[in-house]
Amino acid sequence: METRVLSADQPGCAEAAAKLLQAGELVAIPTETVYGLGANGLDEAAVAKIFKAKGRPQDNPLILHIADPDQLELLCHHVPESAYLLAKLFWPGPLTIVLPARDIIPKCTTAGLPTVAVRCPDCEITRQIIRLSGTPVAAPSANLSGKPSTTTAEHVLNDHSGKIPLIVDDGPCRVGVESTIVDLTENTPRLLRPGGITPEQLKEVLGDLIVDKAVTAQIDKDAVVKAPGMKYRHYAPQCQVIIVAGSRERAAAYINSHFVPGDRVLCFEEELPLYKDCSPLTYGSEADAATLSAGLFAALRQLDDPRVQRVFARCPTGGGIAYAVQNRLKKAAAFQIIDAEAVV
Ligand code: AMP
Ligand code: MG
């Protein structure tokens, strides 16, 4: 199959994408978070193609994307007031809400869960495509399962060339990490995945917010967790990734003394001069965490190269969007962290 790449501003782009979705085909769609691999979320056979193309475990449910916030009720029941409040404040935007699923949603979309994850993306072309297709679009990140997520059309082409009919290209993703996921099906809201809408923003609206343990620690692959996707090794290049924590100077001392050929350094822009003998790769500025989230996956993809044996990575600390960057990088590192302050 030939994979066409259509620019979002090309006339007829949304119509072509919607037509393919209606015919049960896969279309890679841009969003403000990452590129998604989309299918008609109410068509079991179409959804099955997503799992096959990604090599995604069957127990990992998909997010349904809607064109307009008021479509939430078509997919969910027992919608609490807090969901409407979040939707009003943050939709369209990088927030996914988990609620009890209506029966029209096929089991393979929710991986058999009684709940469904819904999001209204902040991307004009994609909302136009969803509107024209007349159906919610199920779309996980478009990367092959386990690989770093796709933040450009080229990333999608690298993973799916010849296997899907269409990629809609709307340039690099603005946020660069996947949506925040919040579960509103229990008494207290639960953060299942940090993202572009920060824990601080959610707390301001919701009051209480439990951070699920899958956000902060490695989860056993046989464990029963709230967001099944969070237990798999994720976002990772083929090689070992080690986070080196601590001050700039201590981390540089540790990395420079342990660096051998085949290693790479992934660091903040401000740190480039400290690693001049290690051909460092930067993913953004520590002073502006939004640049780190926008640049992280492209950098991890660049490091996904058989010549790279090990990556020493610098990870931001603190809240806001930096919290989401930490989560992705720690997962890519399988929570392997060296504290440069503690080693001699
Ligand atoms: P992706 O879009 O590839 O980032 O994957 C979707 C994420 O949403 C995965 O981590 C899933 O586990 C999570 N997810 C989807 N549906 C649900 C649900 N009903 N309950 C909890 N998590 C979900
Ligand atoms: Mg994903």
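Taking numbering that gives the first Met the number 0, the leading residue of the sequence shown gets 0, the next gets one more, and so forth.
Where is the CB? At the ideal position from N, CA and C, for every residue including glycine.
From Q127 to L112, what does the alpha carbon distance come to, in whole angstroms?
29 Å
Closest by CA to Q335, which one among R313, R306, G318, E43?
R313
Would you mind working out which of F258, Q9, S81 sits nearest P188, comparing C-alpha positions?
S81
Quick one: what does DSSP say D262 is sitting in, helix, strand or coil?
strand
Please tell me whether, using a cut-off of 8 Å, the distance from the CB of N142 to the nearest non-hydrogen atom of the ligand MG is below it.
yes
On the premise that A16 lies in contact with L156, defined as a C-beta separation below 8 Å, what is that separation, rounded to the nearest angstrom?
16 Å between Cβ atoms; not a contact.
Opposite Q239 in the DSSP bridges: which residues?
R309
Residue range of the unbroken alpha helix (DSSP H) whose run includes A82:
80-89
Does the beta-carbon distance from T151 to P120 come in below 9 Å?
no
C-beta contact flag for T179 and A137 at 9 Å
no
Using 8 Å as the threshold, is the region 76-93 in touch with the region 44-63, meaning 3 or more CB pairs across them?
no
Of the choices V243, P260, G261, Y234, whose alpha-carbon is the least far from that of Y253?
V243
What do you reckon, is the C-beta of E177 under 8 Å from a heavy atom of the ligand MG?
yes
Looking at the unbroken beta strand (DSSP E) that takes in R101, where does it start and where does it end?
No beta strand (DSSP E) holds R101; DSSP gives it neither H nor E.
Taking only the alpha-carbon atoms, compute the straight-line gap between L271 and K225 and give it to the nearest angstrom.
39 Å
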